[in-house]
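Numbering (our numbering), first residue to last: 1020 to 1416.
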């Protein structure tokens, strides 16, 4: 009969060695998708300044200005490029794991610390991805007129649409890309989504999988897909939230879930004016007789991120003791602790971390929109948000 000791499987009958661990099902695709690149300027800023945890880096603007008339009598008036200031901050994290000598003795000599050590890389990959998701949450929670312009333009929220219109479809990605960046929409190269969203696209046969031809001339899918030309990465770590529905959305008469709005709402496929106006998403719409509405149920909302190459800059800044072992021979009959420390910088393109008062921001700091803003020049002009390769789609599937 199996027993458990310190959350590790121990078979009291066979005294078998502990030889496997629970597989890690997290994919951490955000780290692998190509949206993250190194930045020597970030590395140099922190390497050359002792004790620095915050740095302001210049981002050079482009030339501009209207051309003047060259007629032999008009003097030339020159303009200059703007320099935008970008604040970046270091993020420090640490963790430790303790194993008892008794665990080794009771299982016939299995070293559980080896099991811990084997998982370190996967553990930190999960932490790094979670850090990126917290930063993205903070970026899309920014306030202030210029920042809100970015947030609103780079968000396509279709959760309040009725029926299948509330889930991603054939035109969703293209619409979101254009909404965010206009004629610069091709800046987006990848989409990272929850498996529910990906499955919906697969069922609609919108996702196209790459194929390769094997030695026998047969074409086989290789597991890498595209959606409207953007590479798709599937990861269930992408944000999901409870969606509060049970409200009405305005639709056309041809919508498959349309209800005709009438005074009483007693007929088949009818709903009363009072019912719709008492529970509707669009506050600017006042339902009247002859309109059509559809009830949107509660459920789950899924966030899909659209990213371009270099959406994030990243540097591993190192620490004095990244790993060390500590032993306490007295506690619990003797135990060993493996300690791991990391210090890094993630910086979203075109977006600045505002405050240097925190030595290392925690997760709550990173997801706080008040700590982020678009980069700006000395005269407070902000970067054109169309240059930022970060956007999101919020859908019900």
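All C-beta atoms in this analysis are idealised placements derived from N, C-alpha and C, irrespective of residue type, glycine included.
Please report the distance separating the alpha-carbon of residue 1291 from that of residue 1383. Distance between the alpha carbons of residue 1291 and residue 1383: 44 Å.
Residue 1355 versus residue 1349: straight-line alpha-carbon distance, rounded: If I take the Cα positions, the gap works out to 11 Å.
Would you identify the three-state DSSP class for residue 1343, choosing helix, strand or coil? Note: residue 1343 maps to strand in three-state DSSP.
Taking the beta strand (DSSP E) that residue 1321 falls in, what are its first and last residues? Here the beta strand (DSSP E) through residue 1321 covers 1318-1326.
Would you say the region 1173-1184 touches the region 1278-1292, given that touching needs at least three Cβ pairs under 8 Å? Between the region 1173-1184 and the region 1278-1292, the count of Cβ pairs shorter than 8 Å is below three; the stretches do not touch.
Regarding residue 1393 and the ligand ATP, is the C-beta to nearest heavy atom distance less than 7 Å? Although the ligand ATP was asked about, the structure shown includes no ligands whatsoever.
Which residues in the same chain as residue 1318 place their Cβ atom closer than 6 Å to its Cβ, once the five residues preceding and following it in sequence are excluded? Contacts found: 1262, 1415.
So, helix, strand or coil for residue 1214, using DSSP? Reduced to three states, the DSSP call for residue 1214 is helix.
Among 1060, 1090, 1202, nearest to residue 1073 - alpha-carbon criterion: Comparing Cα-Cα distances from residue 1073 to each of 1060, 1090, 1202, the minimum goes to 1060.
Within 8 Å, strictly: CB atoms of residue 1078 and residue 1394: Cβ atoms of residue 1078 and residue 1394: closer than 8 Å.
What residue does the beta strand (DSSP E) around residue 1253 start on, and which one ends it? Secondary structure note for residue 1253: its beta strand (DSSP E) is the uninterrupted segment 1249-1253.
Under the rule that 16 or more other beta-carbon atoms within 10 Å means buried, what is residue 1334, buried or exposed? Buried: at least 16 other Cβ atoms inside 10 Å.
Could you tell me the boundaries of the alpha helix (DSSP H) in which residue 1168 lies? Element bounds for residue 1168: 1164-1172.
Under a three-way DSSP split, which group does residue 1300 fall into? Assigned with DSSP and collapsed to three states, residue 1300 falls in coil, not helix or strand.
If you follow the beta strand (DSSP E) that residue 1332 is in, where does it begin and where does it stop? Segment 1331-1335, the beta strand (DSSP E) holding residue 1332.
Between the region 1048-1067 and the region 1093-1105, do at least 3 Cβ pairs fall closer than 8 Å? No, because fewer than three Cβ pairs between the region 1048-1067 and the region 1093-1105 fall closer than 8 Å, the two stretches do not touch.
Less than 8 Å between the beta carbons of residue 1058 and residue 1332, yes or no? Closer than 8 Å, so yes.
Span of the alpha helix (DSSP H), counted from its first residue to its last, around residue 1203: Residue 1203 -> no alpha helix (DSSP H), and no H or E assigned at all.
Cβ-Cβ distance between residue 1321 and residue 1216 below 8 Å: Yes, the Cβ-Cβ distance between residue 1321 and residue 1216 is below 8 Å.
Close beta carbons around residue 1039, own chain, < 8 Å, minus the five adjacent residues each side: Because residue 1039 sits at a pLDDT of 44, beneath the cut-off of 50, its placement in the model cannot be relied upon, and the following sentence gives the value as read from the coordinates. Nothing listed; no residue qualifies.
Member of 1359, 1243, 1091 whose CA lies at the smallest distance from the CA of residue 1211: Measuring from the Cα of residue 1211, the nearest candidate turns out to be 1243.
Excluding the 5 residues preceding and the 5 following residue 1139 in the sequence, name in chain order all residues of the same chain whose CB lies nearer than 7 Å to its CB. Excluding positions up to five away in sequence, the list reads 1359.
Which of the three DSSP states, helix, strand or coil, is assigned to residue 1207? DSSP places residue 1207 outside both helix and strand once states are collapsed to three, so it counts as coil.
What residue range is occupied by the uninterrupted alpha helix (DSSP H) comprising residue 1142? Its alpha helix (DSSP H) spans residues 1139-1158.
Mind checking who residue 1244 pairs with in its DSSP beta bridge? 1228, 1251, per the DSSP bridge assignment.
For the pair the region 1295-1309 and the region 1182-1192, tell me if three or more CB-CB distances fall below 8 Å. With the cut-off at 8 Å, the region 1295-1309 and the region 1182-1192 do not touch.
In whole angstroms, what separates the C-alpha of residue 1147 from that of residue 1050? Those two C-alpha atoms are separated by around 8 Å.
Leaving out the 5 sequence neighbours to the left and right, which residues in its chain are closer than 6 Å to residue 1304 when beta-carbon positions are compared? For residue 1304, the CB contacts under 6 Å within the same chain, skipping 5 residues up- and downstream, are 1269 in chain order.
Residue 1201 beta carbon less than 8 Å from that of residue 1405: In this structure, residue 1405 places its C-beta atom within 8 Å of the C-beta atom of residue 1201.
Hey, how far is the Cα of residue 1169 from the Cα of residue 1315? Roughly 28 Å separates the two Cα atoms.
Opening and closing residue of the beta strand (DSSP E) in which residue 1268 lies: For residue 1268, the enclosing beta strand (DSSP E) begins and ends at 1266-1270.
Please classify residue 1397: does DSSP put it in a helix, a strand, or coil? Coil, per DSSP.
Tell me, which residues are paired with residue 1161 by DSSP? None, per the DSSP bridge assignment.
Would you kindly report the start and end of the unbroken beta strand (DSSP E) that includes residue 1385? From DSSP, residue 1385 is part of no beta strand (DSSP E) but of the alpha helix (DSSP H) over 1382-1385.
Residue 1104 in three-state terms, based on DSSP: For residue 1104, the secondary structure class from DSSP, reduced to helix, strand or coil, is strand.
Tell me whether residue 1075 is buried or exposed, calling it buried when 16 or more other Cβ atoms sit within 10 Å of its Cβ. By the 16-neighbour rule on beta-carbons within 10 angstroms, residue 1075 is exposed.
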